[in-house]
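K.L.:
Can you keep this structure in mind? I'll have questions shortly.
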C-alpha cells in the first residue's frame, strides 16, 4: 500500500455555493484512492436597516438576504440592527479512485453551519450544528446523491459577500437526485416537494408520485457560456380528504460573457408553479382553491457585471428581480403573497494574497405584497474570507 504524506497542490476551482473561488488540496493517496479536502473560513459583519421593523434575531434573513423574510408594513417602523457571524464557513472532503476498468469513482461531502435545523445561540458559545450541503458519488457520467439541482447554473452566480447574492432572481436548490451527463447534455430525476398556500398558511407536502425531472444543455465558447435548463414536476396536496395535483414547468437561461478581464453574468427564468426552485421560495408553488391547485406563474432574473480594477481589487454590480402573477381572486386564501421583489448591490473586494479576501458590500432590497404593502432593506456588509 502506497501512502503519500500531506501536501498542498496548486489551487484548483471546485463547485461551491457561490461563484467565488474555492480550492482543493490533496490530503493523502492510499493505493488507487486520492483524498482531498477544501473549504473556507468567513466572517460576516452586517448593519441592516429595515423600513418595517427587523425580523427576530433567530430569523435566517438576519444571516443573509432571504427575500421572503423582508418585512413589509408601516414606514414609521424603521429598525436598524447589527449582526456578526462565521456560520458560512465550510469544509468539504472528497475521494477519487481509479478502478481496474480505467474509470474513476469520485465522492464528495460538504458541510457548513447556515440555516441548520438545530440552531445555537449567541449568549455564550455561539454553537451551531453543521448541516449537509453536498453528499454524492459520480461514476461514468452518473451522479447519485445530494448536490445542486440540474435546473440551476451555479456558474452564473456573481461574486458577492452575501451568501446567495441575486436571491430573488436565481434558481437555487440543492437536493437528492440521480443525474446523467453526456457531452453538453444532462438529465436528472430529483426529490419532489410542494409548497402550497392555504387559508391556514403555507403547507409543505411530500406526496408526489413522481420525481421532479430536469433537462439541461450547456454551450461553451471562448467568449463564455450559455446554459438552458427545463423543469417539469408535479405539485400535490393530500390533506384532510383533499387529493389535488397540478403540473409545474419552467425554463431558465443563464450564462457568462467574458469581457476581457471583466465578465457579465445573467439569468432569466419563467414558469408555472416554480415555487421553492426560485428566489429561495419567495413565492409558493400553488394556491389551494377548494379541491384544486392553482399554480402561481412567475418571472425572475438577474444581471451582474464584475470589473477588475487591478490584479488585487475587483467589484461586482448586481441587479436582481422577481415578479409573481398571483390570482387576485384567491387572495382570501393565499393571504398576502409576494407580488414583486428586487435588489441592487455593489461591492469592493481586495485580495492582498491569493485565497485571502477582504470586502465591503452595499445592498438595497424591496418587497411588495399583492395587496400593495411594501418594505425595504438597506444593508452594509463587511466580510473576511480565507479559502483553503
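In the numbering used here, the protein residues as written are 21 to 408. Note that the Cβ used here is the ideal one computed from N, Cα and C, for glycine as well. Values in this document were obtained by computation on a predicted structure and should not be read as measured data.
Can the beta-carbon of residue 215 be found less than 8 Å from the beta-carbon of residue 295?
P.N.:
In the chain shown, residue 215 corresponds to position 195, counting from 1. In the chain shown, residue 295 corresponds to position 275, counting from 1. Yes; because the gap between Cβ atoms is below 8 Å, this pair is in contact.
K.L.:
Does the distance from the C-beta atom of residue 324 to that of residue 316 stay below 8 Å?
P.N.:
In the chain shown, the residue the question calls residue 324 occupies position 304. In the chain shown, the residue the question calls residue 316 occupies position 296. Going by C-beta atoms, residue 324 is not nearer than 8 Å to residue 316.
K.L.:
What are the start and end residues of the beta strand (DSSP E) that includes residue 288?
P.N.:
Translated into positions along the chain shown, residue 288 becomes position 268. It spans 282-292 - the beta strand (DSSP E) in which residue 288 sits, taken as one unbroken run.
K.L.:
Count the other CB atoms, across all protein chains shown, that sit within 10 Å of the CB of residue 331; report buried if there are 16 or more and exposed otherwise.
P.N.:
Your numbering for residue 331 matches position 311 in the chain shown. Exposed is the call here.
K.L.:
Based on DSSP bridge pairs, tell me the residues matched to residue 400.
P.N.:
Your numbering for residue 400 matches position 380 in the chain shown. Answer is 67 and 382, bridged to residue 400.
K.L.:
Going by DSSP in three states, residue 81 sits in which element: helix, strand or coil?
P.N.:
Indexing the chain shown from 1 puts residue 81 at position 61. Three-state result, residue 81: helix.
K.L.:
Can you tell me whether residue 316 is helix, strand or coil according to DSSP?
P.N.:
Taking the chain shown and counting its residues from 1, one reaches residue 316 at position 296. Three-state result, residue 316: coil.
K.L.:
So, for residue 309: in the same chain, excluding its five sequence neighbours on each side, which residues have a beta-carbon less than 7 Å away from its beta-carbon?
P.N.:
Position 289 of the chain shown, counting from 1, holds the residue named residue 309. Here the set comprises 350 and 353.
K.L.:
Starting from residue 352 and walking both ways along the alpha helix (DSSP H), at which residues does that stretch end?
P.N.:
Position 332 of the chain shown, counting from 1, holds the residue named residue 352. Residues 351-354.
K.L.:
Can you list, in chain order, the residues of its chain with a C-beta nearer than 6 Å to that of residue 40? Leave out the 5 residues immediately preceding and following it.
P.N.:
Here residue 40 is taken as the residue at index 20 of the chain shown, counted from 1. With a pLDDT of only 44 at residue 40, under the threshold of 50, the placement of this residue in the model should not be trusted, and no figure is reported.
K.L.:
On the DSSP bridge list, what partners appear for residue 269?
P.N.:
Taking the chain shown and counting its residues from 1, one reaches residue 269 at position 249. According to DSSP, residue 269 bridges with 252 and 292.
K.L.:
Report the option in 243, 302, 184 and 249 whose CA atom is closest to the CA atom of residue 383.
P.N.:
By one-based count along the chain shown, residue 383 stands at place 363. Residue 184 is the option with its Cα nearest to residue 383.
K.L.:
Pull up the distance between the alpha-carbon of residue 236 and that of residue 397, whole angstroms please.
P.N.:
Here residue 236 refers to the residue found at position 216 of the chain shown. Here residue 397 refers to the residue found at position 377 of the chain shown. Their Cα atoms are separated by approximately 35 Å.
K.L.:
I need the straight-line Cα distance from residue 238 to residue 261, nearest angstrom please.
P.N.:
Residue 238 sits at position 218 when you count from the first residue of the chain shown. Residue 261 sits at position 241 when you count from the first residue of the chain shown. So the two alpha carbons sit approximately 44 Å from each other.
K.L.:
Among 390, 156, 220 and 298, which has the Cα closest to the Cα of residue 131?
P.N.:
Along the chain shown, one-based indexing puts residue 131 at 111. Of 390, 156, 220 and 298, the residue nearest in Cα terms is 156.
K.L.:
So for residue 245, helix, strand or coil by DSSP?
P.N.:
By one-based count along the chain shown, residue 245 stands at place 225. If DSSP states are grouped into helix, strand and coil, residue 245 belongs with the strands.
K.L.:
Can you list, in chain order, the residues of its chain with a C-beta nearer than 8 Å to that of residue 194? Leave out the 5 residues immediately preceding and following it.
P.N.:
For the purposes of this step, residue 194 is identified with residue 174 of the chain shown, where counting begins at 1. Within the same chain, residue 194 has close Cβ partners 153, 154, 166, 167, 168 and 169.
K.L.:
Ordered along the chain, which non-local residues of its own chain (more than five positions away) have a Cβ less than 6 Å from that of residue 162?
P.N.:
On the chain shown, position 142 is the one that residue 162 refers to. Same-chain partners within the cutoff: 200.
K.L.:
Just to confirm before moving on: does the CB-CB distance between residue 301 and residue 336 stay below 8 Å?
P.N.:
On the chain shown, residue 301 is found 281 positions in, with the first residue counted as 1. On the chain shown, residue 336 is found 316 positions in, with the first residue counted as 1. Taking 8 Å as the Cβ cut-off, residue 301 and residue 336 do not qualify as a contacting pair.
K.L.:
Whole angstroms are fine: how far does the CA of residue 252 sit from the CA of residue 390?
P.N.:
Here residue 390 refers to the residue found at position 370 of the chain shown. Here residue 252 refers to the residue found at position 232 of the chain shown. Taking the straight line from one Cα to the other gives about 26 Å.
K.L.:
Is the CB-CB distance between residue 72 and residue 89 below 8 Å?
P.N.:
Locating residue 72 in the chain shown gives position 52, where the first residue counts as 1. Locating residue 89 in the chain shown gives position 69, where the first residue counts as 1. No. Outside cutoff.
K.L.:
Might you give, ordered along the chain, the residues of its own chain that have their beta carbon closer than 6 Å to the beta carbon of residue 339, omitting 5 neighbours on each side?
P.N.:
As a position in the chain shown, residue 339 is number 319, starting the count at 1. For residue 339, where only same-chain residues beyond five positions count, the Cβ hits under 6 Å are 323 and 364.
K.L.:
If I follow the unbroken beta strand (DSSP E) through residue 105, where does it start and stop?
P.N.:
Walking along the chain shown from the start, residue 105 turns up at place 85. Here the beta strand (DSSP E) through residue 105 covers 99-105.
K.L.:
In three-state DSSP terms, what is residue 87?
P.N.:
For the purposes of this step, residue 87 is taken as the residue at position 67 of the chain shown. When secondary structure is reduced to three states using DSSP, residue 87 falls in the helix class.
K.L.:
So, are the CB atoms of residue 122 and residue 56 less than 8 Å apart?
P.N.:
Numbered from its first residue, the chain shown carries residue 122 at position 102. Numbered from its first residue, the chain shown carries residue 56 at position 36. Contact flag unset, no.
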